[in-house]
Amino acid sequence: MTLPSMAEAVVADLAEIRRRRPLVHNITNFVVMNLTANVLLALGASPVMAHAPEEVEDMVALADALVVNIGTLSSDWVDSMEQAIRAAGARSMPVVLDPVGAGATRFRTETCHRLLAAGPPTILRGNASEILALDGCGDGPRGVDATVGSITANDAAGRLAGRFGAAVCVSGPIDVVRGAGDSGSFHVANGDPWMSRVTGLGCSATAVIGAFAAVNSNPVLAAVHGMTVLGIAGELARHHATGPGTFAVALLDALAMLDAPTILTRCRIARCEPVPEPAARW
Amino acid sequence: MTLPSMAEAVVADLAEIRRRRPLVHNITNFVVMNLTANVLLALGASPVMAHAPEEVEDMVALADALVVNIGTLSSDWVDSMEQAIRAAGARSMPVVLDPVGAGATRFRTETCHRLLAAGPPTILRGNASEILALDGCGDGPRGVDATVGSITANDAAGRLAGRFGAAVCVSGPIDVVRGAGDSGSFHVANGDPWMSRVTGLGCSATAVIGAFAAVNSNPVLAAVHGMTVLGIAGELARHHATGPGTFAVALLDALAMLDAPTILTRCRIARCEPVPEPAARW
Amino acid sequence: MTLPSMAEAVVADLAEIRRRRPLVHNITNFVVMNLTANVLLALGASPVMAHAPEEVEDMVALADALVVNIGTLSSDWVDSMEQAIRAAGARSMPVVLDPVGAGATRFRTETCHRLLAAGPPTILRGNASEILALDGCGDGPRGVDATVGSITANDAAGRLAGRFGAAVCVSGPIDVVRGAGDSGSFHVANGDPWMSRVTGLGCSATAVIGAFAAVNSNPVLAAVHGMTVLGIAGELARHHATGPGTFAVALLDALAMLDAPTILTRCRIARCEPVPEPAARW
Numbered sequence: 001m002t003l004p005s006m007a008e009a010v011v012a013d014l015a016e017i018r019r020r021r022p023l024v025h026n027i028t029n030f031v032v033m034n035l036t037a038n039v040l041l042a043l044g045a046s047p048v049m050a051h052a053p054e055e056v057e058d059m060v061a062l063a064d065a066l067v068v069n070i071g072t073l074s075s076d077w078v079d080s081m082e083q084a085i086r087a088a089g090a091r092s093m094p095v096v097l098d099p100v101g102a103g104a105t106r107f108r109t110e111t112c113h114r115l116l117a118a119g120p121p122t123i124l125r126g127n128a129s130e131i132l133a134l135d136g137c138g139d140g141p142r143g144v145d146a147t148v149g150s151i152t153a154n155d156a157a158g159r160l161a162g163r164f165g166a167a168v169c170v171s172g173p174i175d176v177v178r179g180a181g182d183s184g185s186f187h188v189a190n191g192d193p194w195m196s197r198v199t200g201l202g203c204s205a206t207a208v209i210g211a212f213a214a215v216n217s218n219p220v221l222a223a224v225h226g227m228t229v230l231g232i233a234g235e236l237a238r239h240h241a242t243g244p245g246t247f248a249v250a251l252l253d254a255l256a257m258l259d260a261p262t263i264l265t266r267c268r269i270a271r272c273e274p275v276p277e278p279a280a281r282w
Numbered sequence: 283m284t285l286p287s288m289a290e291a292v293v294a295d296l297a298e299i300r301r302r303r304p305l306v307h308n309i310t311n312f313v314v315m316n317l318t319a320n321v322l323l324a325l326g327a328s329p330v331m332a333h334a335p336e337e338v339e340d341m342v343a344l345a346d347a348l349v350v351n352i353g354t355l356s357s358d359w360v361d362s363m364e365q366a367i368r369a370a371g372a373r374s375m376p377v378v379l380d381p382v383g384a385g386a387t388r389f390r391t392e393t394c395h396r397l398l399a400a401g402p403p404t405i406l407r408g409n410a411s412e413i414l415a416l417d418g419c420g421d422g423p424r425g426v427d428a429t430v431g432s433i434t435a436n437d438a439a440g441r442l443a444g445r446f447g448a449a450v451c452v453s454g455p456i457d458v459v460r461g462a463g464d465s466g467s468f469h470v471a472n473g474d475p476w477m478s479r480v481t482g483l484g485c486s487a488t489a490v491i492g493a494f495a496a497v498n499s500n501p502v503l504a505a506v507h508g509m510t511v512l513g514i515a516g517e518l519a520r521h522h523a524t525g526p527g528t529f530a531v532a533l534l535d536a537l538a539m540l541d542a543p544t545i546l547t548r549c550r551i552a553r554c555e556p557v558p559e560p561a562a563r564w
Numbered sequence: 565m566t567l568p569s570m571a572e573a574v575v576a577d578l579a580e581i582r583r584r585r586p587l588v589h590n591i592t593n594f595v596v597m598n599l600t601a602n603v604l605l606a607l608g609a610s611p612v613m614a615h616a617p618e619e620v621e622d623m624v625a626l627a628d629a630l631v632v633n634i635g636t637l638s639s640d641w642v643d644s645m646e647q648a649i650r651a652a653g654a655r656s657m658p659v660v661l662d663p664v665g666a667g668a669t670r671f672r673t674e675t676c677h678r679l680l681a682a683g684p685p686t687i688l689r690g691n692a693s694e695i696l697a698l699d700g701c702g703d704g705p706r707g708v709d710a711t712v713g714s715i716t717a718n719d720a721a722g723r724l725a726g727r728f729g730a731a732v733c734v735s736g737p738i739d740v741v742r743g744a745g746d747s748g749s750f751h752v753a754n755g756d757p758w759m760s761r762v763t764g765l766g767c768s769a770t771a772v773i774g775a776f777a778a779v780n781s782n783p784v785l786a787a788v789h790g791m792t793v794l795g796i797a798g799e800l801a802r803h804h805a806t807g808p809g810t811f812a813v814a815l816l817d818a819l820a821m822l823d824a825p826t827i828l829t830r831c832r833i834a835r836c837e838p839v840p841e842p843a844a845r846w
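First to last, the sequence lines map onto chains A, B and C.
According to the working numbering, the residues represented by the first sequence are 1 to 282, in order.
According to the working numbering, the residues represented by the second sequence are 283 to 564, in order.
According to the working numbering, the residues represented by the third sequence are 565 to 846, in order.
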């Protein structure tokens with residue numbers, strides 16, 4: 001695909017989300033549940049949050065994608081996450097995993113490995129510190145924020161993609177998306193620095209990718225398209241914002257109002273292959 | 283009561299909420315806790331969220347109304363909900379139940395029946411899919427969003443009202459409120475389509491009804507008045523909104539600033555009796 | 565210190581927070597987690613929320629301050645809070661405790677005493693009702709909102725400060741900060757009445773104080789500076805707000821954009837000693 005056709009593919013996927021309103025089942029953290037639900041609604045998808053072991057399988061059976069995020073994890077929730085991942089795997093339903101804070105504590109890193117073992121995710125999205133930690137290198141984040149740039153984790157992302165047969169997305173000023181084998185490598189340069197000043201926009205990116213995975217069976221493209229759309233919404237929000245409070249509000253408006261011409265004009269996706277070249281190509 | 287006098291009754295109840303600041307005890311879901319608390323504060327009520335079995339009875343004893351919402355339920359929370367409902371029943375305190383996602387999973391439906399058995403709610407508020415599911419018909423929602431219009435659930439609401447001696451409110455573009463026996467049937471046509479684009483406004487409606495139930499001992503009127511006030515706030519918010527982000531923010535402003543002339547002008551309540559006529563009468 | 569130099573000290577601490585981005589580990593309640601994280605990000609700090617017993621000690625080890633808030637407490641979370649407080653004590657790390665609703669239920673009051681016994685906090689911040697309840701007098705709040713003014717709790721705050729060797733901050737229209745022994749007594753008159761119309765701004769104040777405690781080893785000054793900065797942000801927010809919805813959003817903007825001249829102009833700190841004189845001295 002040429003780059004213009006990639007922008008058109010983003011437009012097509014977004015239209016499909018708005019038409020089908022895929023049900024995205026989230027088992028996510030307390031901090032971001034509200035924002036995540038609002039981001040999914042603004043996008044045009046239908047969010048549901050459910051974590052009880054008595055119902056996760058039933059909810060997975062209703063859903064079009066499963067998003068698992070370990071932000072405020074506890075062992076009972078991890079049991080439910082594992083159960084949901086297995087159920088989704090049995091239904092060949094897309095699963096997006098957000099390894100929040102992997103590397104920061106041993107419990108987080110071990111939980112991620114346990115969830116990865118329960119069933120390889122369709123897409124894994126983290127910041128550079130988290131991806132490095134899961135690859136077994138790096139010091140992990142201090143808390144839940146990245147301490148290094150996304151490009152730093154390019155090789156780790158490639159290795160994880162190969163190991164799990166998953167698309168791996170490293171978010172940052174430039175988002176890196178790596179597929180397994182020869183399924184491609186992309187950079188997305190959309191976004192705004194203020195996105196890191198609002199809590200939960202990383203987690204929301206994971207949920208947005210879940211919605212795209214519900215309508216696009218190519219995990220690499222689902223990740224690329226999701227990051228592009230959220231990034232463009234961030235760029236538009238910046239024009240209406242006087243700080244992080246108005247920015248978050250404007251981002252929801254922008255996401256809901258996002259139209260094809262805006263996407264076609266602003267889309268900044270770059271394909272990097274066959275050997276990824278982390279240097280920006282724009 | 284004539285319709286103008288109904289609008290005046292809404293005004294009177296809102297004034298009473300602002301004067302008495304009733305304490306509304308919420309056992310609700312993680313997604314909407316923050317919005318629910320802010321909606322209650324904007325309305326003029328005083329919210330409290332508490333779910334520990336060690337304190338729910340003490341908190342019920344302090345409160346003027348109990349709101350139970352099963353949105354992100356788990357079995358331990360359901361135990362507390364049951365305990366709180368019993369305590370509220372013993373105190374003849376109004377209880378409003380929101381059966382989020384009833385019908386979507388067996389766990390949700392069974393939990394609702396268990397909570398209904400613990401003590402009939404004063405008011406039951408759900409969307410049409412949820413009300414149909416509790417009545418034993420319909421397929422339930424896909425996730426937590428309604429899949430059919432509120433009028434569809436009119437008869438189911440009437441049956442549930444009779445069965446539990448409760449007011450039953452089915453929210454939707456037109457809200458249907460049914461009382462037990464001859465206690466009346468109403469339609470509320472206030473509201474804005476964007477209210478379904480913000481997560482938790484249904485849950486917030488339940489909490490608002492809880493505040494009205496704290497000052498109005500007629501459950502049907504408490505539900506009607508609550509839906510009217512939130513609906514009008516939604517209409518006003520639309521004028522200041524450029525999308526769902528600004529809409530949610532503007533709704534809180536509108537709720538806090540809502541005055542009598544606005545209510546008298548905008549109130550769209552219709553009484554339907556003796557045989558409910560779902561066709562709009564405005 | 566003279567009062568101008570106090571304003572300069574506020575400016576210096578805020579600059580230090582923005583430079584060092586201290587990691588503030590919060591074990592807090594479901595209602596306010598999102599706002600608390602956004603307030604800390606807007607301030608320039610780095611928030612993390614983690615409560616699992618498997619990781620609280622590891623997270624404390626990474627953090628620069630611990631904030632414990634019992635808002636939606638349950639017994640398993642209290643275990644983690646206790647564990648975190650002990651770990652923080654062992655590291656001589658600042659701990660800020662928010663006894664939400666102390667006095668409202670026996671479970672809350674007892675939990676506070678248990679947490680205070682686990683390790684005296686560096687700073688205790690509550691509303692007047694909560695501070696009176698912890699001192700063993702007063703009726704406690706009705707729910708979680710204060711029923712009396714902050715000055716009423718001045719003596720109780722002084723006693724608690726002495727008993728725990730902590731700074732005690734009573735928030736209200738005028739915030740009272742009492743230190744142990746001769747470490748000082750202050751009033752902060754910054755703030756806006758609308759701050760009580762947004763849920764979680766008290767809890768956010770506690771978190772802000774945590775960030776200041778991470779960069780200022782004097783607990784009394786950390787509390788005073790934190791309350792001043794949040795209060796000024798509230799005053800600025802009021803200029804952009806048409807209700808509590810826009811107020812909360814504008815407060816985040818104001819916090820992120822707060823500059824030295826604004827602080828120097830608006831800072832309203834009064835030192836009260838040797839005998840506290842509650843009458844305003846401005």
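Glycine residues also receive a C-beta, built at the ideal position from the N, C-alpha and C atoms.
These figures come from a predicted structure and were not determined experimentally.
(message) If you reduce the DSSP assignment to three classes, tell me which class D417 of chain B lands in.
(response) Here residue 417 of chain B is taken as the residue at index 135 of the second sequence, counted from 1. Coil.
(request) Report yes if the CB atom of A493 of chain B is closer than 8 angstroms to the CB atom of V306 of chain B, and no otherwise. (result) In the second sequence, counting from the first residue as 1, residue 493 of chain B sits at position 211. In the second sequence, counting from the first residue as 1, residue 306 of chain B sits at position 24. Their beta carbons are under 8 angstroms apart, which means A493 of chain B touches V306 of chain B by this criterion.
(message) Going by DSSP in three states, S287 of chain B sits in which element: helix, strand or coil?
(response) Taking the first residue of the second sequence as position 1, residue 287 of chain B is located at position 5. In the structure shown, S287 of chain B adopts helical secondary structure according to DSSP, grouped into three states.
(request) Label L828 of chain C either buried or exposed according to how many other C-beta atoms from any shown protein chain fall within 10 Å of its C-beta, with 16 as the threshold for buried. (result) In the third sequence, counting from the first residue as 1, residue 828 of chain C sits at position 264. With a threshold of 16 other beta carbon atoms within 10 Å, L828 of chain C falls short and is exposed.
(request) Please compile the residues from chain B whose C-beta is within a distance smaller than 7 angstroms of the C-beta of N598 of chain C. (result) By one-based count along the third sequence, residue 598 of chain C stands at place 34. N316, listed in chain order.
(message) Using a Cβ-Cβ cutoff of less than 7 angstroms, which residues in the same chain neighbour A820 of chain C once the five nearest sequence positions on both sides are dropped?
(response) Mapped onto the third sequence, residue 820 of chain C falls at position 256. If we look at A820 of chain C and ignore the five residues flanking it on each side, its Cβ neighbours are A606.
(message) In whole angstroms, give me the CA-to-CA distance for V596 of chain C and D182 of chain A.
(response) The count along the third sequence starts at 1 and reaches residue 596 of chain C at position 32. The count along the first sequence starts at 1 and reaches residue 182 of chain A at position 182. Rounded to the nearest angstrom, the gap between the Cα atoms of V596 of chain C and D182 of chain A is 45 angstroms.
(request) Grab me the residues of A769 of chain C's own chain with a C-beta within less than 7 angstroms of its C-beta, minus the 5 sequence neighbours each way, in chain order. (result) For the purposes of this step, residue 769 of chain C is taken as the residue at position 205 of the third sequence. So the list reads R689, S735, G790, M791 and L794, once near-sequence residues are dropped.
(message) The alpha helix (DSSP H) that contains F594 of chain C, what's its start and end?
(response) Against the third sequence, residue 594 of chain C aligns to sequence position 30. That residue, F594 of chain C, is in no alpha helix (DSSP H); it is neither H nor E in DSSP.
(message) Judging by CA-CA distance, which residue of C:N590, C:V660 and C:R582 is the nearest neighbour of A786 of chain C?
(response) Counting from 1 along the third sequence, the entry for residue 786 of chain C is found at position 222. Relative to the Cα of A786 of chain C, the nearest Cα in the group C:N590, C:V660 and C:R582 belongs to C:V660.
(request) Please state if the CB of V224 of chain A and the CB of F186 of chain A are separated by a distance shorter than 8 angstroms. (result) Reading the first sequence from its first residue, position 186 is the one you call residue 186 of chain A. Reading the first sequence from its first residue, position 224 is the one you call residue 224 of chain A. Contact: yes.
(message) Runs of 4 residues minimum, wholly inside the region 377-431 of chain B: which ones carry the alpha helix (DSSP H) assignment?
(response) Counting only runs of 4 or more, we get 388-400 and 410-416.
(request) Can you give me the Cβ contacts of V450 of chain B inside the same chain, cut-off strictly under 6 angstroms, excluding the 5 residues immediately before and after it? (result) If you number the second sequence from 1, residue 450 of chain B lands on position 168. A distance below 6 angstroms between beta-carbons, with the five flanking residues on each side excluded, links V450 of chain B to the following residues of its chain, in chain order: L406, A439, L442, A443 and R460.
(request) Using alpha carbons as the reference points, say which of A:N190, A:A214 and A:N69 lies closest to L236 of chain A. (result) By 1-based counting over the first sequence, the position of residue 236 of chain A is 236. Cα-wise, what sits closest to L236 of chain A is A:N190.
(request) Identify each residue in the region 97-109 of chain A for which the Cβ-Cβ distance to at least one residue of chain C is less than 8 angstroms, and report them in chain order. (result) From the region 97-109 of chain A, only G101, A104, T105, R106, F107 and R108 have a Cβ closer than 8 angstroms to chain C.
(request) Give the residues of chain B in contact with L303 of chain A, contact being defined as C-beta atoms less than 9 angstroms apart. (result) Outside the displayed span of chain A (1 to 282) sits residue 303 of chain A, for which this structure offers no information.
(request) Inspect the beta-carbon positions of A260 of chain A and L40 of chain A and report whether they are closer than 8 angstroms. (result) Locating residue 260 of chain A in the first sequence gives position 260, counting from the first residue. Locating residue 40 of chain A in the first sequence gives position 40, counting from the first residue. Contact check for A260 of chain A against L40 of chain A fails: the beta carbons are separated by 8 angstroms or more.
(message) 8 angstroms is my cut-off, CB to CB: does L73 of chain A come that close to chain B?
(response) On the first sequence, position 73 is the one that residue 73 of chain A refers to. It does not; no Cβ of chain B falls within 8 angstroms.
(message) Would A386 of chain B and R424 of chain B qualify as a contact pair, given that the criterion is a beta-carbon distance under 8 angstroms?
(response) Within the second sequence, the letter at position 104 stands for residue 386 of chain B. Within the second sequence, the letter at position 142 stands for residue 424 of chain B. R424 of chain B sits close to A386 of chain B, with the two beta carbons spaced by under 8 angstroms.
(message) Within the continuous beta strand (DSSP E) that includes N780 of chain C, where are the two ends?
(response) Within the third sequence, residue 780 of chain C is the residue found at index 216, counting from 1. Run containing N780 of chain C: none; DSSP gives neither H nor E here.
(message) Measuring only the C-alpha atoms, how far is A87 of chain A from A61 of chain A?
(response) Looking up residue 87 of chain A in the first sequence gives position 87. Looking up residue 61 of chain A in the first sequence gives position 61. When the Cα atoms are used, A87 of chain A and A61 of chain A turn out to be separated by approximately 8 angstroms.
(message) For a cutoff of 8 angstroms on Cβ pairs, would you count R281 of chain A as touching chain C?
(response) The residue you call residue 281 of chain A lines up with position 281 of the first sequence. Model confidence at R281 of chain A stands at a pLDDT of 36, short of 50, so the residue's coordinates are unreliable and nothing is read from them.
(request) Indicate the three-state DSSP secondary structure (helix, strand or coil) for P193 of chain A in the structure shown. (result) Along the first sequence, read from residue 1 onward, the residue named residue 193 of chain A stands at position 193. When DSSP states are grouped into helix, strand and coil, P193 of chain A belongs to the helix group.
(message) Among the candidates C:G700, C:A692 and C:T686, whose CA atom is the shortest distance from the CA of D709 of chain C?
(response) The residue labelled residue 709 of chain C in the question sits at position 145 within the third sequence. Out of C:G700, C:A692 and C:T686, C:A692 has the C-alpha closest to the C-alpha of D709 of chain C.
(request) Kindly list, in the order they appear in chain A, the residues whose Cβ is closer than 7 angstroms to that of D427 of chain B. (result) Position 145 of the second sequence, counting from 1, holds the residue named residue 427 of chain B. Ordered by position in chain A, the residues that pass the 7 angstroms Cβ test against D427 of chain B are S46.
(message) For D361 of chain B, would you say it is in contact with chain C, using Cβ-to-Cβ distances shorter than 8 angstroms as the test?
(response) Position 79 of the second sequence, counting from 1, holds the residue named residue 361 of chain B. Chain C, which has no Cβ nearer than 8 angstroms to the Cβ of D361 of chain B, makes this no.
(request) Pick helix, strand or coil for C485 of chain B, following the three-state DSSP scheme. (result) Residue 485 of chain B sits at position 203 when you count from the first residue of the second sequence. DSSP, read as helix, strand or coil, puts C485 of chain B in helix.
(message) Below 8 angstroms on C-beta distance, what does V762 of chain C contact in chain B?
(response) Position 198 of the third sequence, counted from the first residue, corresponds to residue 762 of chain C. In chain order: N320 and L323.
(message) Quick check on this structure: which residue in C:A573, C:L637 and C:R582 has the alpha carbon closest to the alpha carbon of I309 of chain B?
(response) Translated into positions along the second sequence, residue 309 of chain B becomes position 27. Nearest neighbour of I309 of chain B by Cα position, chosen from C:A573, C:L637 and C:R582, turns out to be C:L637.
(request) Kindly say whether F494 of chain B, judged by its beta-carbon, lies nearer than 8 angstroms to any beta-carbon of chain C. (result) Reading the second sequence from its first residue, position 212 is the one you call residue 494 of chain B. Chain C, which has no Cβ nearer than 8 angstroms to the Cβ of F494 of chain B, makes this no.
(message) Quick check: what's the CA-CA separation for V188 of chain A versus F389 of chain B?
(response) By 1-based counting over the first sequence, the position of residue 188 of chain A is 188. By 1-based counting over the second sequence, the position of residue 389 of chain B is 107. V188 of chain A and F389 of chain B have their C-alpha atoms some 41 angstroms from each other.
(request) Check the DSSP bridge columns for P611 of chain C and list the partner residues they point to. (result) Your numbering for residue 611 of chain C matches position 47 in the third sequence. BP columns for P611 of chain C point to C:V588.
(request) Consult DSSP for S644 of chain C and reduce its assignment to one of helix, strand or coil. (result) As a position in the third sequence, residue 644 of chain C is number 80, starting the count at 1. Of the three classes helix, strand and coil, the one that applies to S644 of chain C here is helix, per DSSP.
(request) Put A627 of chain C into one of helix, strand or coil per three-state DSSP. (result) Taking the third sequence and counting its residues from 1, one reaches residue 627 of chain C at position 63. Three-state result, A627 of chain C: coil.
(request) Output, in chain order, the set of chain B residues within a Cβ distance shorter than 8 angstroms of L230 of chain A. (result) Taking the first sequence and counting its residues from 1, the one referred to as residue 230 of chain A is at position 230. When 8 angstroms is used as the limit between beta carbons, L230 of chain A is near no residue of chain B, the shortest such separation being about 14 angstroms.
(request) Pull up the CB-CB distance for M331 of chain B and L348 of chain B, whole angstroms please, since I reckon it's below 8 angstroms. (result) Counting from one through the second sequence, the residue named residue 331 of chain B turns up at place 49. Counting from one through the second sequence, the residue named residue 348 of chain B turns up at place 66. Going by Cβ atoms, the distance from M331 of chain B to L348 of chain B rounds to 12 angstroms, so no, they are not a contact pair.
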